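Asker: Residue numbers (full-length UniProt numbering), protein chains in the order written: chain P, 1 to 235; chain A, 1 to 235.
#1: Is residue 200 of chain P close to chain A? Criterion is C-beta to C-beta, closer than 8 Å.
#2: Should residue 122 of chain P go down as buried or exposed, given a rule of 16 or more other Cβ atoms within 10 Å for buried?
#3: Would you say residue 195 of chain A and residue 184 of chain A are within 8 Å of each other, going by their C-beta atoms?
#4: Whose CA, out of P:151, P:35, P:134, lies closest to the CA of residue 68 of chain A?
#5: Can you tell me whether DSSP reads residue 216 of chain P as helix, strand or coil?
#6: Rounded to whole angstroms, what is the Cα-Cα separation between residue 238 of chain A and residue 66 of chain P?
#7: Report the CB separation of residue 43 of chain A from residue 63 of chain A in whole angstroms; it is logged as a contact under 8 Å.
#8: For a contact defined as C-beta to C-beta under 9 Å, what are the partners of residue 206 of chain P on chain A?
#9: Bridge partners of residue 54 of chain P, per DSSP?
#10: If you draw a straight line from the alpha carbon of residue 28 of chain P to that of residue 119 of chain P, how long is it in whole angstroms?
#11: In the stretch 130-145 of chain A, which residues sit with their C-beta less than 8 Å from some C-beta in chain P, listed in chain order?
#12: Looking at chain P, is there any beta carbon in it that lies within less than 8 Å of the beta carbon of residue 100 of chain A?
#13: Keeping to the same chain, check which residues put their C-beta closer than 8 Å to that of residue 157 of chain P; ignore five residues upstream and five downstream.
#14: Per DSSP, which residues does residue 193 of chain P bridge with? Please list them.
#15: At a Cβ cut of 8 Å, what residues of the stretch 39-55 of chain A count as close to chain P, listed as they run along the chain?
#16: Does residue 128 of chain A pass the burial test, meaning 16 or more other C-beta atoms within 10 Å, or should it be called exposed?
#17: Listed in chain order, which residues of the stretch 145-161 of chain P have Cβ atoms closer than 7 Å to some Cβ of chain A?
#18: Where residue 172 of chain P and residue 124 of chain P are concerned, what is the direct C-alpha to C-alpha distance, given to the nearest angstrom?
#19: Pick helix, strand or coil for residue 152 of chain P, following the three-state DSSP scheme.
#20: Helix, strand or coil for residue 107 of chain A per DSSP?
#21: Can you tell me where the alpha helix (DSSP H) holding residue 177 of chain P begins and where it ends?
#22: Using a C-beta cutoff of 8 Å, does residue 122 of chain A count as contacting chain P?
#23: Tell me, please, which residues DSSP counts as bridged to residue 136 of chain A.
#24: With C-beta atoms as the reference, is residue 111 of chain P less than 8 Å away from residue 25 of chain P?
#25: Considering Cα atoms alone, identify which of P:126, P:221, P:228 is closest to residue 38 of chain P.
#26: Check the Cβ-Cβ distances between residue 34 of chain A and every residue of chain P, and say whether any is below 8 Å.
#27: Compare the C-beta of residue 37 of chain A against all C-beta atoms of chain P and say whether one is closer than 8 Å.
#28: Taking only three categories from DSSP, how would you classify residue 227 of chain A?
#29: Between which two residues does the beta strand (DSSP E) harbouring residue 205 of chain P extend?
#30: Grab the span of the alpha helix (DSSP H) containing residue 80 of chain A for me, first residue to last.
#31: Looking at the secondary structure, which residues open and close the beta strand (DSSP E) in which residue 29 of chain P lies?
#32: Would you say residue 180 of chain P faces chain A, with C-beta separation under 8 Å as the test?
#33: Can you give the Cα-Cα distance for residue 210 of chain A and residue 31 of chain A, rounded to whole angstroms?
#34: Just to make sure I have the definition right: I need the residues of chain A whose C-beta is within less than 8 Å of the C-beta of residue 59 of chain P. Which are they?
#35: I'd like to confirm the pairing. Which residues does DSSP put opposite residue 188 of chain A in its beta bridges?
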């Protein structure tokens, strides 16, 4: 038979937590078509990618060269040639915006902690409708490719990049999915990109998104002098 | 000491060989831009490629789908989108021809034996300037790609194919070199394509042409239902 239970200790004073401020830990995101005004940011993002991949020795891009090749005068419509989606982030909601070629994709993320962005000043958006709190966080560059077996175009993703302080929050997935959604909308046959074979985390991530990894194909590249040598010979 | 040698047999009567007829064993070749009129041949060539690669289960191309995607109304200029070079062969020289976008590349091959083409009838050229002896022998399909590190376009070769009876004569090399020469002429940064890792003969051939094989990259592909699933979600 159990001893009589001691009297319960006095209940602790209830701790009153402040109501969470929804906007404080909410990050609003937008994926939109990039324009020539975004070139300075795109240039910095590509350079950060080169640093991340330890390939700065191959980095030769200048803002002028990016402008001339990505946003030439009389540029063809988006999706028919080189196309850039830019990822923007803001602590307040984005205004509704219209673009005849692409309706920006909006999504809000609920985070435990606000993100400290040490490069906020350098990455303030140049969008005409952006306030000072809109920050560029990443990009994806893609262009049409073609499958002769399907007799259909597709998209090839050359680069996808999210700045370090915004990683591991599903933003890369959002960029990739925006390209896939556009391909599906246009009736295209496939979306392709490449991954380094030792990058097992990326491979796992891509497989979870429904991608197949083709183990047998290898990329062949003709560049530099070996390429220029073909200009003057008729083999 | 050797026995006296028997008298030599009478010398055989000299065999008089006919003078080789230069045109009889010369094959004239032309690489030119394909047009919508070439679609029936392009379709047959793609099908032959699928048979060669044992991938006929993936072959879905129809002439109508190829026409609509490769030669749409208001098609952009060659080299800015999907572009096809056609390889033609003839036992007599090609007439001079002009094209504002691409001057056909001509070369003559000297062969020990004439080539027997069992499909000559099916592959008579539809070129407006071609006589009945001009035969389609192969093609290469390519389109612009982009290097962010170089801030330059390049070309990606999706398919390169030479019909069986014309192989091992340097014609594949001529098609590849025509693309490389065009890239070099346009100041492009590189030409890329893929090869199966077990196809050691092709790898050796590409390396001899100056290409690097990139061992670490793997192709990721999102297609079919996995692609279409992205049309309706905002990940």
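For glycine and all other residues, C-beta sits at the position ideal for the given N, C-alpha and C. Values in this document were obtained by computation on a predicted structure and should not be read as measured data.
Answerer: Well, looking at it:
#1: Cβ-Cβ to chain A under 8 Å: no for residue 200 of chain P.
#2: Looking at its Cβ environment, which holds fewer than 16 other Cβ atoms inside 10 Å, residue 122 of chain P is exposed.
#3: No, they are not a contact pair.
#4: Measuring from the Cα of residue 68 of chain A, the nearest candidate turns out to be P:151.
#5: Assignment of residue 216 of chain P by DSSP, reduced to helix, strand and coil, places it in the coil class.
#6: Past the boundaries of the shown model lies residue 238 of chain A; chain A is included only from 1 to 235, so the question cannot be answered.
#7: About 5 Å; that satisfies the 8 Å criterion.
#8: Those are 220, 222, listed as they occur along chain A.
#9: Paired residue(s): none; residue 54 of chain P is not in a bridge.
#10: Distance between residue 28 of chain P and residue 119 of chain P, taken at the CA atoms: about 18 Å.
#11: Within the stretch 130-145 of chain A, the qualifying residues are 141, 143, 144, 145.
#12: No, because no Cβ of chain P sits closer than 8 Å to the Cβ of residue 100 of chain A.
#13: Hits under 8 Å: 140, 141, 142, 176, 179, 191, 192, 193.
#14: According to DSSP, which records beta bridges pairwise, residue 193 of chain P is partnered with A:220.
#15: Listed by position along the chain: 46, 49, 50, 55.
#16: By the neighbour-count criterion, in which 16 or more other beta carbons inside 10 Å mark a residue as buried, residue 128 of chain A falls on the exposed side.
#17: Going along the stretch 145-161 of chain P in chain order, one finds 145, 146, 148, 149, 150, 151, 152, 153, 156, 158, 159 with a Cβ nearer than 7 Å to chain A.
#18: In a straight line, the C-alpha of residue 172 of chain P is about 20 Å away from that of residue 124 of chain P.
#19: Strand.
#20: Looking at residue 107 of chain A - three-state DSSP - the assignment turns out to be strand.
#21: Under the DSSP assignment, residue 177 of chain P falls in the alpha helix (DSSP H) whose first and last residues are 171-185.
#22: False, the Cβ-Cβ gap to chain P never drops below 8 Å.
#23: Among the bridge pairs identified by DSSP, residue 136 of chain A is matched with A:88.
#24: The answer is yes: Cβ separation under 8 Å.
#25: Of the candidates P:126, P:221, P:228, P:126 places its Cα closest to the Cα of residue 38 of chain P.
#26: Taking Cβ atoms only, chain P never reaches closer than 8 Å to residue 34 of chain A, which makes this a no.
#27: It does not: the Cβ of residue 37 of chain A has no partner Cβ on chain P nearer than 8 Å.
#28: When secondary structure is reduced to three states using DSSP, residue 227 of chain A falls in the helix class.
#29: Annotation for residue 205 of chain P: no beta strand (DSSP E) segment contains it, though the alpha helix (DSSP H) segment containing it runs 200-208.
#30: Segment: none, residue 80 of chain A is in no alpha helix (DSSP H) and carries neither H nor E.
#31: Run containing residue 29 of chain P: 26-33, per the beta strand (DSSP E) assignment.
#32: Any Cβ of chain A closer than 8 Å to the Cβ of residue 180 of chain P would place that residue at the interface, and such an atom is present.
#33: Each residue's alpha carbon lies about 21 Å from the other.
#34: One finds 149 in chain A with Cβ atoms closer than 8 Å to the Cβ of residue 59 of chain P, taken in chain order.
#35: None, per the DSSP bridge assignment.
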